[in-house]
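Novice: For the sequence shown, our numbering begins at 7 and goes up steadily by one.
Have a look at the structure that comes next, please.
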Amino acid sequence: MTSRIPPARVLLLAAAAAAHGSLSITPQLVELELPRGARKTLYFSVINEDNENERTVRYYALPYRQKSNGAYEVTAEPDHDFSGHSWFDRDTTELKLGPGKGTEVQVRFRVPTDVTGTNYGAVAFEMTPVPAKDIWSVGLTIRVPAFVEVTVLGSGRPAVELAGIRFMSGKELRTRFETDVESGILSTAIAVRNPGPVSAPVRGRILIRDSEGRRYREFPLGGGGSILPGADVEVLSVVPMPRSGDYSLEVTLDYGGARPVKAAMPFRVAGGQVQVEGEMTDIPQLPLELSKGMIQLDVPRRATRFDYLVLRNVSTDEVRLSAAVTGLAGDGRGGLVSSDSSTGLGDCRSWIQLDSGIVSIPPNGSKALRVMFKVPEEAVGGNYACIVYTPLDAEQHPGMDPLVIPVLLSVTGKSERTAEIVESRVNIRPVGVNLRIQNTGNVHFTPQGSGRLRRVKVSEPVSVHDYETVGEIRLADPGIVLPGGTIDVSGSFVGQLQPGQYRVDVALDCGGGCTVEMTETVRIE
Numbered sequence: 007m008t009s010r011i012p013p014a015r016v017l018l019l020a021a022a023a024a025a026h027g028s029l030s031i032t033p034q035l036v037e038l039e040l041p042r043g044a045r046k047t048l049y050f051s052v053i054n055e056d057n058e059n060e061r062t063v064r065y066y067a068l069p070y071r072q073k074s075n076g077a078y079e080v081t082a083e084p085d086h087d088f089s090g091h092s093w094f095d096r097d098t099t100e101l102k103l104g105p106g107k108g109t110e111v112q113v114r115f116r117v118p119t120d121v122t123g124t125n126y127g128a129v130a131f132e133m134t135p136v137p138a139k140d141i142w143s144v145g146l147t148i149r150v151p152a153f154v155e156v157t158v159l160g161s162g163r164p165a166v167e168l169a170g171i172r173f174m175s176g177k178e179l180r181t182r183f184e185t186d187v188e189s190g191i192l193s194t195a196i197a198v199r200n201p202g203p204v205s206a207p208v209r210g211r212i213l214i215r216d217s218e219g220r221r222y223r224e225f226p227l228g229g230g231g232s233i234l235p236g237a238d239v240e241v242l243s244v245v246p247m248p249r250s251g252d253y254s255l256e257v258t259l260d261y262g263g264a265r266p267v268k269a270a271m272p273f274r275v276a277g278g279q280v281q282v283e284g285e286m287t288d289i290p291q292l293p294l295e296l297s298k299g300m301i302q303l304d305v306p307r308r309a310t311r312f313d314y315l316v317l318r319n320v321s322t323d324e325v326r327l328s329a330a331v332t333g334l335a336g337d338g339r340g341g342l343v344s345s346d347s348s349t350g351l352g353d354c355r356s357w358i359q360l361d362s363g364i365v366s367i368p369p370n371g372s373k374a375l376r377v378m379f380k381v382p383e384e385a386v387g388g389n390y391a392c393i394v395y396t397p398l399d400a401e402q403h404p405g406m407d408p409l410v411i412p413v414l415l416s417v418t419g420k421s422e423r424t425a426e427i428v429e430s431r432v433n434i435r436p437v438g439v440n441l442r443i444q445n446t447g448n449v450h451f452t453p454q455g456s457g458r459l460r461r462v463k464v465s466e467p468v469s470v471h472d473y474e475t476v477g478e479i480r481l482a483d484p485g486i487v488l489p490g491g492t493i494d495v496s497g498s499f500v501g502q503l504q505p506g507q508y509r510v511d512v513a514l515d516c517g518g519g520c521t522v523e524m525t526e527t528v529r530i531e
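This is the structure we're talking about:
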């Protein structure tokens, strides 16, 4: 059971927080996994930010929905089948808070015994206006919702669909960001639909291939976060514009299911403009579900360890595969790819033994595949390889990519995590950051963190008390970086900024006590 605000959603909530002015609620998002029939009490911190007046606060349950831009919106009536607002105590509760005072409130709910999936409802906190001093005074009721999502245990796996790919115009970008945007960028809007009953994480990547099918550039899919059941969301990614030529845009969604969802769309770049050259098409994949997409183990030296991969055939035909062990490399953007040659650091191909070089899986059947690791005496740090299953029947599975399972082994007590920022840039329109992190240690890591945007209230002298926090900078999930490799981390602030001087702070945790930070000041005219 957890109660947290994921970094990918902070900005969605910050947009509402900027408007409520005198009322502060914590937390604004609660995510839980509970069994049917469970009873739960939630605790919220409520603060009257008005330092002059006593205020009355009412709170009660309401339904909400997810809009196409990913943000949440409270509604009067539910427009989907997953509303859990009726689970809460429906009575309106009222309290009074003195100037600048706060309190903790308890909100109870019960999960029905006949539900499944992810159900969600909001606890709406309303602050009544200050009594009017004269007939010209106008008072506004402030409403701040706290969103609650409950996934019922045993509800099954998430599912997502790619509903479309389109490129956004400069005008639409300016409307979305409420400011001018830099030239030379390619903005993609990926429409994602969740037809299943469970909230699904939206993670993935965008791959641009040239006219010969070669990899041109690859980027993490922007946005992150989750898509609620029954919702349709457009995930926005802004990347550098390729040079003139013909390309294909491939989108991969790693949504937490057994297999990623893939699609592609051709396009052309000419004169700094992009033109769509065809419709989006699904990329065919092997009819297999994999129990895990990656093997990650902590192993001691001189040890023998085992792991298992379960392949399930979801077709009515037998699937035959050849198994091989290759090297593993990073693509510099968080992805891991099979490599024919050794990277020269932490190569563990010789440690791996597979049960068989040929695998046959019957129609609608499954097979458990054992993988054995023999760790040598001299092993240190992170060690890497890749298990690749390639279809033997090329005519039956034309053009289908093989199954690639990265192997990441960390030697216990012999791993060193160090990193540094080798490149950094702050964008102005919209405000955002681009960082390149180098892994200078001997084991892989995934940098995680957030950025903060603060307005400088006075220019001289500058001290920690002279900053006013404006909001968070959402960082896209960067993925894994191997020892000796680099990874790009980027993020942007969504919202309108007044002219002035701003400070951008970014802190990334690389694990094991390793942290990298960046601070830079920019001016918005």
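The beta carbon of each residue, even a glycine, is placed where N, CA and C say it ideally should be.
Enumerate, from N- to C-terminal direction, the unbroken alpha helix (DSSP H) stretches of 4 or more residues contained entirely within the segment 272 to 336.
Specialist: none
Novice: Among the candidates 451, 94, 333 and 135, whose CA atom is the shortest distance from the CA of residue 117?
Specialist: The sequence position of residue 117 within the sequence shown is 111, counting from 1. Nearest C-alpha to residue 117: 94.
Novice: Helix or strand or just coil, what does DSSP make of residue 251?
Specialist: If you number the sequence shown from 1, residue 251 lands on position 245. Strand.
Novice: Please report the residue range of the beta strand (DSSP E) in which residue 204 lies.
Specialist: Within the sequence shown, numbered from 1, the residue matching residue 204 stands at position 198. Careful: residue 204 lies outside any beta strand (DSSP E) and carries neither H nor E.
Novice: Is the distance from the Cβ of residue 511 to the Cβ of residue 457 below 8 Å?
Specialist: Numbered from its first residue, the sequence shown carries residue 511 at position 505. Numbered from its first residue, the sequence shown carries residue 457 at position 451. Yes.
Novice: By DSSP, does residue 60 sit in helix, in strand, or in coil?
Specialist: Here the question's residue 60 lines up with position 54 in the sequence shown. Looking at residue 60 - three-state DSSP - the assignment turns out to be coil, as it is neither helix nor strand.
Novice: Residue 162 to residue 375, Cα distance in whole Å?
Specialist: The residue given as residue 162 occupies position 156 in the sequence shown. The residue given as residue 375 occupies position 369 in the sequence shown. One C-alpha to the other measures close to 23 Å.
Novice: I'd like to check one pair, residue 222 with residue 214: are the Cβ atoms closer than 8 Å?
Specialist: Position 208 of the sequence shown, counted from the start, is the residue given in the question as residue 214. Position 216 of the sequence shown, counted from the start, is the residue given in the question as residue 222. Yes, Cβ-Cβ distance for residue 214 and residue 222 is below 8 Å.
Novice: So, under 8 Å CB-CB, residue 168 and residue 198 are touching, yes? Tell me the CB distance rounded to an integer number of Å.
Specialist: The residue you call residue 168 lines up with position 162 of the sequence shown. The residue you call residue 198 lines up with position 192 of the sequence shown. Sure, about 7 Å apart at Cβ, within 8 Å.
Novice: CB-CB under 7 Å to residue 30, same chain, minus the five flanking residues each way: which ones, in chain order?
Specialist: What you label residue 30 is simply residue 24 of the sequence shown in a count that begins at 1. Cβ within range, chain order: 53 and 55.
Novice: For the beta strand (DSSP E) containing residue 243, name the first residue and the last one.
Specialist: Residue numbering aside, residue 243 sits at position 237 when the sequence shown is read from its first letter. That run of the beta strand (DSSP E) goes 238 to 246.
Novice: Would you call the segment 67 to 78 and the segment 123 to 134 in contact, with 3 or more CB pairs under 8 Å?
Specialist: In short, these stretches touch, since the Cβ pair count reaches three.
Novice: Going straight from the alpha carbon of residue 406 to that of residue 261, what length do you get?
Specialist: Position 400 of the sequence shown, counting from 1, holds the residue named residue 406. Position 255 of the sequence shown, counting from 1, holds the residue named residue 261. So the alpha carbons of these two residues sit roughly 20 Å apart.
Novice: Tell me which same chain residues have a C-beta within less than 6 Å of the C-beta of residue 290, skipping the five on either side of it?
Specialist: Against the sequence shown, residue 290 aligns to sequence position 284. The answer, listed in chain order, is 406.
Novice: Taking 8 Å as the cut-off, decide whether the C-beta atoms of residue 513 and residue 526 are in contact.
Specialist: As a first step, residue 513 is located in the sequence shown; it is residue number 507 there, counting from the start. As a first step, residue 526 is located in the sequence shown; it is residue number 520 there, counting from the start. No. Outside cutoff.
Novice: Could you tell me which residues DSSP puts in a beta bridge with residue 431?
Specialist: Stepping through the sequence shown from its first residue, residue 431 is reached at position 425. Partner(s): 440.
Novice: Of the choices 278, 76, 254 and 99, whose alpha-carbon is the least far from that of residue 218?
Specialist: Counted from its first residue, the sequence shown places residue 218 at position 212. Nearest option by C-alpha distance: 254.
Novice: Go through its chain and collect everything with a Cβ distance to residue 442's Cβ below 6 Å, but skip five positions before and after it.
Specialist: The residue you call residue 442 lines up with position 436 of the sequence shown. Closer than 6 Å at Cβ, skipping near neighbours: 428, 429, 492 and 494.
Novice: Could you spell out the range, first to last residue, of the beta strand (DSSP E) harbouring residue 380?
Specialist: To locate residue 380, count along the sequence shown from 1; it is residue 374. Element bounds for residue 380: 372 to 380.
Novice: Can the beta-carbon of residue 528 be found closer than 8 Å to that of residue 432?
Specialist: Residue numbering aside, residue 528 sits at position 522 when the sequence shown is read from its first letter. Residue numbering aside, residue 432 sits at position 426 when the sequence shown is read from its first letter. Yes.
Novice: For residue 124, which three-state DSSP category applies?
Specialist: Start at 1 with the first residue of the sequence shown, and residue 124 comes out as number 118. Strand, per DSSP.
Novice: Suppose the cutoff is 7 Å on Cβ atoms and the five residues either side in sequence are ignored; what does the same chain contact list for residue 399 look like?
Specialist: Along the sequence shown, read from residue 1 onward, the residue named residue 399 stands at position 393. Hits under 7 Å: 326.
Novice: Short of 6 Å in beta carbon distance, which residues of its chain neighbour residue 416, apart from the five on each side in sequence? Order them along the chain.
Specialist: Here residue 416 corresponds to residue number 410 of the sequence shown, with the count starting at 1. Excluding positions up to five away in sequence, the list reads 304, 388 and 449.
Novice: Pick out whichever of 521, 108, 342 and 172 has its Cα sitting closest to the Cα of residue 393.
Specialist: Start at 1 with the first residue of the sequence shown, and residue 393 comes out as number 387. With distances taken between Cα atoms, residue 393 lies closest to 342.
Novice: Does the segment 144 to 158 come close enough to the segment 78 to 93 that 3 or more CB-CB pairs lie under 8 Å?
Specialist: Yes, they touch.
Novice: Shortest alpha-carbon distance to residue 487 belongs to which of 108, 244, 454 and 194?
Specialist: One-based indexing of the sequence shown puts residue 487 at position 481. Looking at the Cα atoms, 454 is the closest of the given residues.
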